[in-house]
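Down below is the structure, laid out as structure tokens.
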Amino acid sequence: MTTSTGVYSNRAITTVHRFRVSAVRQGRCRESGTYMSEPFRPYEKLVDITIHGKKFQVPERNSLLRCFQFISPETVPYGRFCWNQECQYCRVSCQLPDDDEPREMLSCKFIVMAGMEVTELSQELKWCLRAKLPADTPVSS
């Protein structure tokens, strides 16, 4: 897992992260019945959201950006996201179930809602989610 200099390689980190995501999807916390894993907040169930017309199941009680990481654990952690609303690379437009009009928001600050529809993604998010999005979604390099 470590290189000759004692530093973890990107491949080792990715392997450990995949293991954690796999464990989260399979395991449950015995005491509370909630799923638990870093970096996700504890959750009891997966909720349905739609991104560019494609349905996904993501953990409740997590930020939308963490849910994107749940969908694509191989790419989102390596995106240029600050995770605290400074960079603006996680900007999206969403149609919420109880709203008439789509609203623009930062996915690092918004807690996911069942039934929400993500209609627009920033270029950085499109790039990170390119393998998971519908084939007709334009992604520039």
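Under our numbering, the residues of the sequence shown are numbered 1462 to 1602, in order. All residues carry an ideal CB built from backbone N, CA and C; glycine is no exception.
| Item | Value |
| --- | --- |
| Do the stretch 1530–1541 and the stretch 1552–1565 meet, that is, are 3 or more Cβ pairs less than 8 Å apart? | no |
| Does the distance from the C-beta atom of Cys1589 to that of Leu1526 stay below 7 Å? | no |
| Does any CB atom of chain B fall closer than 7 Å to the CB of Met1574? | No chain B is part of this structure, which consists of one protein chain only. |
| I need the boundaries of the beta strand (DSSP E) containing Glu1505, first residue and last residue. | Note, Glu1505: premise wrong, no beta strand (DSSP E); not H, not E. |
| Secondary structure at Lys1516, three-state DSSP: helix, strand or coil? | strand |
| Contact defined as beta carbons within less than 8 Å: I believe Cys1543 pairs with Leu1586. What is the distance between those atoms, to the nearest angstrom? | Actually they are not in contact, since the Cβ atoms of Cys1543 and Leu1586 sit about 13 Å apart, beyond 8 Å. |
| At which residues does the beta strand (DSSP E) containing Leu1594 begin and terminate? | Unbroken run through Leu1594: none, as it is neither H nor E. |
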